[in-house]
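Reading through the structure tokens given below for one structure.
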């Protein structure tokens with residue numbers, strides 16, 4: 001049997017590293033019975049080899065439970081333990097690894113692929129976004145471990161320290177946790193009626209830190225009757 005499909009470049013890349021990119025689109029994670037579990041976005045697993053145990057990632061109770069009930073966030077993550085290799089991907093988006101060494105990072109929940117279970121996490125809401133955006137909730141991560149994020153196309157890194165930086169909420173991938181983005185509306189109130197475009201409001205960042213932007217606003221939301 002002959003095909004370029006069977007080229008060595010398409011084979012699994014053997015590595016001793018726990019987290020490794022198989023390509024720009026697929027992440028490989030190695031698990032052993034003694035290694036930390038992995039928390040991932042539900043549906044992100046595309047394959048695995050060996051023995052894996054998948055379970056629902058609970059919200060952890062308290063305020064996180066209340067936030068999950070109000071937003072649905074946290075209900076879309078899974079815990080994985082096992083012995084072998086597991087592969088993650090999302091809609092052929094580009095995958096990037098971030099090593100946290102005690103720092104904190106805020107992520108758009110739609111760009112979270114997976115992270116080490118040793119990392120502390122919480123659901124954060126953006127004040128003032130509930131009415132205008134139907135709720136904006138993001139994932140706050142802090143601690144030591146690896147984080148995998150996705151970008152729908154080549155990302156752009158913006159420095160927010162020199163001047164105010166405004167970003168479409170659906171285009172923001174992640175940003176410095178010390179930044180507190182504000183909702184900025186460039187349209188008159190009347191123009192918001194019936195608008196589904198993200199351009200009707202933005203996230204405004206300003207201060208020492210960065211925001212990563214993807215060249216996409218994500219999959220359009222289809223509403224009943226539209």
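Residue numbers (full-length UniProt numbering): 1 to 226.
In this text, a Cβ means the ideal position worked out from N, Cα and C, and glycines have one as well.
With fewer than three CB-CB distances shorter than 8 angstroms, the segment 158-167 does not count as touching the segment 102-111.
Straight-line spacing of the CA atoms in residue 201 and residue 48 works out to 41 angstroms. DSSP places residue 55 within a strand segment (E or B) once states are collapsed to three.
With a cutoff of 8 angstroms on beta-carbon distance, residue 156 and residue 88 are scored as not near each other. In summary, residue 2 is exposed, with fewer than 16 beta-carbon neighbours lying within 10 Å of its beta-carbon over all protein chains present. Annotation for residue 166: 184, 202, 204 place their beta carbon closer than 6 angstroms to its own, counting only its chain and skipping 5 residues before and after.
Cβ-Cβ separation between residue 29 and residue 114: approximately 7 angstroms, consistent with a contact (criterion under 8 angstroms).
Around the beta carbon of residue 13, a 10 Å sphere encloses fewer than 16 other beta carbons of the protein chains shown; the residue is thus reported as exposed. Between residue 137 and residue 119 the beta-carbon gap is near 18 angstroms, outside 8 angstroms, which marks them as no contact. Residue 111 sits in a helix when the DSSP states are folded into three classes. Going by beta carbons, residue 97 and residue 144 fall outside the 8 angstroms limit. A distance below 6 angstroms between beta-carbons, with the five flanking residues on each side excluded, links residue 216 to the following residues of its chain, in chain order: 152, 153. If you check the CB distance, residue 37 and residue 80 come in under 8 angstroms. In the three-state DSSP reduction, residue 203 falls in the strand class (E or B).
Under DSSP, residue 78 forms a beta bridge with 40, 56. When secondary structure is reduced to three states using DSSP, residue 5 falls in the helix class.
About 11 angstroms separates the CB atoms of residue 90 and residue 42; that is not less than 8 angstroms, and the two are not in contact. According to the DSSP secondary-structure assignment, residue 20 is paired through a beta bridge with 28. When the beta-carbon positions are compared, residue 82 and residue 50 come within less than 8 angstroms of each other. Residue 10 carries a helical assignment under DSSP once its states are collapsed to helix, strand and coil.
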